[in-house]
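Residue numbers (UniProt numbering): 1 to 446. Note that CB positions come from ideal geometry on N, CA and C, so glycine has one too. So the structure is just underneath, and the comments pick up after that.
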Amino acid sequence: MENLTQSESLDNLIDALAIEPFQLEDEYKELNATQWAWVIESLTKEQRLILWPHLDSSMLSSILSELHEDVRQQIVALLPKKDIEATVCAGTSVEALDILEVLPQKTASNIIKKLSSETQSEVEASLSYEEDEVGRYANKHVYTIADDALVSTVITAIKNSDTNLESNALFVVSSDLKFLGEVSLNDLLNAPKSSNVSAIVERSDMVLNDKESLIEASKAVQSTQKSLVPVIKENGQFVGVFSIHDALYIFQEFYEAQMAHMGKVNDEDLFSPVLTSTRRRAVWLGINLLTAFLASFVIGMFDKVLIEIVALAVLMPIVASMGGITGSQSLTLTIRGLATNQISQGNLSALHKKEFYVALLNSLCWATVVAVICYFWFENSVLAVIIAIAIIINMIVAAFSGVFIPVILEKMGVDPAIAGSVILTTVTDVVGFFVFLGGASIIFLW
1 MENLTQSESL DNLIDALAIE PFQLEDEYKE LNATQWAWVI ESLTKEQRLI LWPHLDSSML
61 SSILSELHED VRQQIVALLP KKDIEATVCA GTSVEALDIL EVLPQKTASN IIKKLSSETQ
121 SEVEASLSYE EDEVGRYANK HVYTIADDAL VSTVITAIKN SDTNLESNAL FVVSSDLKFL
181 GEVSLNDLLN APKSSNVSAI VERSDMVLND KESLIEASKA VQSTQKSLVP VIKENGQFVG
241 VFSIHDALYI FQEFYEAQMA HMGKVNDEDL FSPVLTSTRR RAVWLGINLL TAFLASFVIG
301 MFDKVLIEIV ALAVLMPIVA SMGGITGSQS LTLTIRGLAT NQISQGNLSA LHKKEFYVAL
361 LNSLCWATVV AVICYFWFEN SVLAVIIAIA IIINMIVAAF SGVFIPVILE KMGVDPAIAG
421 SVILTTVTDV VGFFVFLGGA SIIFLW
């Protein structure tokens, strides 16, 4: 893979997945868990199912942990319970927690009972926190030393330990596990061997409360020069550590969500099931519909001025608005896929197909709602049918535009995040008004 770009490697794998029986080339076996997660998120559901059995079993827990929650949930739902159990038990407590969070509560509880005592204790401790509290994600598998231990004893223990120290600092706790401070490896090695650790411990004010929010904790970690920051309870008891790597990951997720907030699809998998995507987006389409009707109501206040075309003028914003929000959802998802290199020539058609079906189902749903309201509002069944057809066509065109526009803009060297929404709004407005008013003109004036 060294001589190929990410896009070329992905396209080659997609081509190979279409050939039966599938064989995983040796060049892909060198990928790590993070790289495999990227590959899997770039594939359709069917392709993921073909690929999964060919992955290294020792990496499965790490791969699942690296995946976005939508994809992780999809894959776990398709695996036999015994395979899920084996994967969870083979992973670290952090990986186990990520997988358990997407499982039904009963299944998760049964698997937790089969974990090693140490992993089980760490997982249960993490689950006692809310999802946005730093204590839930603090690394509890960290090397600590007792304050009353001899320096010589600690040095010997470290030399004989298999634990990989992640920083130059060791965390010191009391007999009742209260956090007391830190000791650098340099100070430890240079201290008198017969002295206690308490004599060289450095008190640290830079600690995180276990109930602190993830975002605030991440900001605090980034403002320090430390790679690891201790997390403690209100009573001072040591919980674990929060790393700079954790903080950067949280910020990446946070800003990715901010980038995608307009379409409310920030956490959606590129190839999540159509019904799942339809249901998730339908909520925001409903909210958008309410605001669209509000705009229509305001226009309707001036119906005497608009005379015969009052109904058309009142309903015009609804057609444009429903197309606009549909297009922005597809646009946001596509821009995210382009930014993470998850969209290539090999999977672009699959994304088009998925977005078409999502738009079709949502448009049928909301076009029906609008048509019914329109019928009772204006007592005109023909007008109700016209606006329903206009909404369906505009939403489908908007979905296609939401995928095509950023792809074309990127090929032209234009940032789709900046120009995409402007072009999309123009497309949805022009198409929506043309279909709606054009259809009405044909029916009512000819």
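Looking at C-alpha atoms only, which residue of the options is the closest neighbour of residue i?
i: S174; options: R203, I158, P192; result: R203
i: A90; options: L409, T326, T119; result: T119
i: E25; options: H54, G236, A440, S58; result: H54
i: residue 471; options: S421, I343, F436; result: What the structure shows of the chain is the stretch from 1 to 446, and residue 471 is not part of that stretch, so it cannot be assessed.
i: D210; options: S194, P192, V231, V221; result: V231
i: A399; options: V372, S328, G337, F378; result: S328
i: D56; options: E46, V142, E130, T87; result: T87
i: S194; options: V154, N139, D205; result: V154
i: L315; options: A388, P273, F444; result: A388
i: E69; options: E46, L49, T156, L100; result: L100
i: S223; options: Q237, M206, N235; result: M206
i: E212; options: Y375, H141, E130; result: E130
i: K178; options: A16, L424, V319, G236; result: G236
i: D176; options: I145, S161, D187, N196; result: I145
i: S321; options: A390, E410, K353, I373; result: A390
i: D15; options: I50, A125, C374, K29; result: I50
i: S116; options: Q105, A138, V102, S93; result: S93
i: E46; options: L424, K354, D132, F444; result: K354
i: K114; options: V435, K81, V102; result: K81
i: Y143; options: D132, E122, V172, V134; result: V172
i: K29; options: A18, P21, E20, W52; result: W52
i: I396; options: T276, T326, T340, L189; result: T326
i: L409; options: A339, N12, I373, R48; result: A339
i: L285; options: M412, F436, V370, A350; result: V370
i: R48; options: E27, A18, L31; result: A18
i: S441; options: A313, N139, K233; result: A313
i: Q105; options: E122, L127, S121; result: L127
i: L351; options: P416, S421, S277; result: S277
i: V221; options: I250, K411, Y375; result: I250
For residue i and residue j, which I take to be in contact (beta-carbon distance under 8 Å), what is that distance rounded to the nearest angstrom?
i: L228; j: A169; result: 7 Å
i: I200; j: V183; result: 6 Å
i: L180; j: D147; result: 5 Å
i: A33; j: S62; result: 4 Å
i: L67; j: I84; result: Not a contact, Cβ separation roughly 14 Å.
i: A191; j: V239; result: With a Cβ gap of about 27 Å, A191 and V239 do not count as contacting.
i: F293; j: L43; result: At roughly 40 Å, the Cβ-Cβ gap does not stay under 8 Å, so F293 and L43 are not in contact.
i: M59; j: W36; result: 7 Å
i: L10; j: G346; result: 6 Å
i: A311; j: F242; result: No, A311 and F242 are not in contact; Cβ-Cβ is about 59 Å, not under 8 Å.
i: N394; j: V319; result: 6 Å
i: A149; j: N196; result: 7 Å
i: G324; j: T425; result: 6 Å
i: V134; j: L208; result: 6 Å
With which residues is residue i paired in a DSSP beta bridge?
i: Q237; result: K178
i: S213; result: E133
i: S184; result: A169
i: A146; result: V173
i: E202; result: E182
i: P230; result: V241
i: L208; result: V231
i: N196; result: L150
i: N139; result: V241
Using a C-beta cutoff of 9 Å, does residue i count as contacting chain D?
i: D210; result: The structure shown contains no chain D; it is built from a single protein chain.
Exercise. Which ranges does the alpha helix (DSSP H) cover as unbroken runs of at least 4 residues, wholly within the segment 332–420, from first to last along the chain?
Worked result: Segments of the alpha helix (DSSP H) lying fully in the segment 332–420: 345–378, 381–411.
For this session: State whether the segment 330–339 contacts the segment 239–250, with contact taken as three or more CB pairs (one from each stretch) at a distance under 8 Å.
Result: No, because fewer than three Cβ pairs between the segment 330–339 and the segment 239–250 fall closer than 8 Å, the two stretches do not touch.
Exercise. If we count Cβ pairs, one from each stretch, closer than 8 Å, do we get three or more for the segment 421–432 versus the segment 342–362?
Worked result: As far as the Cβ criterion goes, the segment 421–432 does not touch the segment 342–362, which means the pair count is below three.
Exercise. Can we say the segment 364–374 touches the segment 397–407, given the rule of at least three CB pairs closer than 8 Å?
Worked result: Verdict: no, contact absent.
Exercise. Would you say the segment 103–116 touches the segment 215–235, given that touching needs at least three Cβ pairs under 8 Å?
Worked result: Judged by Cβ distances under 8 Å, the segment 103–116 makes no contact with the segment 215–235, as fewer than three pairs qualify.
Exercise. Using 8 Å as the Cβ pair cut-off and three pairs as the minimum, do the segment 62–75 and the segment 375–391 touch?
Worked result: Judged by Cβ distances under 8 Å, the segment 62–75 makes no contact with the segment 375–391, as fewer than three pairs qualify.
For this session: Give, in chain order, every unbroken run of the alpha helix (DSSP H) that is at least 4 residues long and sits entirely within the segment 15–41.
Result: Correct list: 33–41.
Exercise. What are the complete alpha helix (DSSP H) segments, minimum 4 residues, inside the segment 37–122?
Worked result: Counting whole runs of 4 or more residues, the segment 37–122 contains the alpha helix (DSSP H) stretches 45–51, 60–66, 69–78, 81–90, 93–100, 105–113.
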